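This report refers to the structure that appears directly beneath it.
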Amino acid sequence: MYMVTRQLNYFEGPIVEVTRGGLDGVNPDALVEKYKGEFEQFSDPREAVKVALSIREQWSKDIEGLPNEEYAVASIRDKVIRDIAIGCGNTCGGDCPLEAISPEEAEAWAVKEYNALKKCARCNDIVKTPYTHEYSEEEFCSEYCTEEDLNDIMEGLNEGEHN
0 MYMVTRQLNY FEGPIVEVTR GGLDGVNPDA LVEKYKGEFE QFSDPREAVK
50 VALSIREQWS KDIEGLPNEE YAVASIRDKV IRDIAIGCGN TCGGDCPLEA
100 ISPEEAEAWA VKEYNALKKC ARCNDIVKTP YTHEYSEEEF CSEYCTEEDL
150 NDIMEGLNEG EHN
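Right, dumping it as structure tokens:
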């Protein structure tokens with residue numbers, strides 16, 4: 000699972016993070032939920048990055064034009080940072096600020112993550128909880144796909160008996 004949060008990173012300034020591992024993978028200094036999609040769990044990293052980019056855009060609009068005194072969260076190490084970064088990765092459940100990357104790098108990261116995820120042998124959806132049956136080594140995304148595969152195997156066996 001992937002989760003999107005806004006953070007105030009000491010080194011990078013304001014950053015929208017996409018972390019692997021659900022809530023357990025979020026850096027501990029996440030800002031309070033303000034935008035749609037924050038603190039939601041996503042099984043598809045591409046969707047999580049899309050939401051993160053949207054949050055980044057909304058957050059940027061919200062701080063645009065504010066005087067420096069009113070935008071205290073962007074005052075890091077005596078300099079004002081108005082550019083909101085994006086970061087993607089894994090904190091391994093600890094305090095591990097993510098490095099700022101470009102939106103294009105975030106999208107490429109999401110595709111790479113998606114390609115590495117386990118997919119259902121029947122429908123090719125992401126396997127969140129693996130389902131199996133005793134006649135196959137394959138993993139499936141749901142009971143439905145598991146039963147359909149089992150039905151196909153049984154039909155094949157039945158057809159073989161009648162020939």
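Taking numbering that gives the first Met the number 0, I'd label the letters of the sequence shown as residues 0 to 162.
We treat Cβ as the ideally placed atom computed from N, Cα and C, and that holds for glycine.
Please read all numbers here as calculations on a predicted model, not as lab measurements.
Secondary structure of residue i, DSSP reduced to three states
{"i": "Pro44", "result": "helix"}
{"i": "Asn26", "result": "coil"}
{"i": "Ile54", "result": "helix"}
{"i": "Tyr143", "result": "helix"}
{"i": "Glu37", "result": "coil"}
{"i": "Gly64", "result": "coil"}
{"i": "Glu158", "result": "helix"}
{"i": "Ile75", "result": "Interpretation of Ile75 is limited by its pLDDT of 49, a score under 50 that renders its predicted location unreliable; the figure taken from the coordinates is listed afterwards. In the structure shown, Ile75 sits in a strand (DSSP, three-state: E or B)."}
{"i": "Ser59", "result": "helix"}
{"i": "Leu149", "result": "helix"}
Span of the beta strand (DSSP E), counted from its first residue to its last, around residue i
{"i": "Tyr1", "result": "1-8"}
Beta-ladder partner(s) of residue i, from DSSP
{"i": "Gly86", "result": "Glu16"}
> Can you list, in chain order, the stretches of the alpha helix (DSSP H) that have 4 or more residues and sit fully within the segment 89-132?
Replying inline: DSSP runs (the alpha helix (DSSP H)) wholly in the segment 89-132: 102-115.
> So does the segment 15-26 actually touch the segment 88-97, counting three or more Cβ pairs closer than 8 angstroms?
Replying inline: Contact holds: three or more Cβ-Cβ distances are below 8 angstroms.
> Would the segment 103-121 and the segment 43-50 be scored as touching if the rule is three or more Cβ pairs under 8 angstroms?
Replying inline: Yes, they touch.
> Taking contact to mean at least 3 C-beta pairs separated by less than 8 angstroms, is the segment 5-22 in contact with the segment 47-55?
Replying inline: Contact holds: three or more Cβ-Cβ distances are below 8 angstroms.
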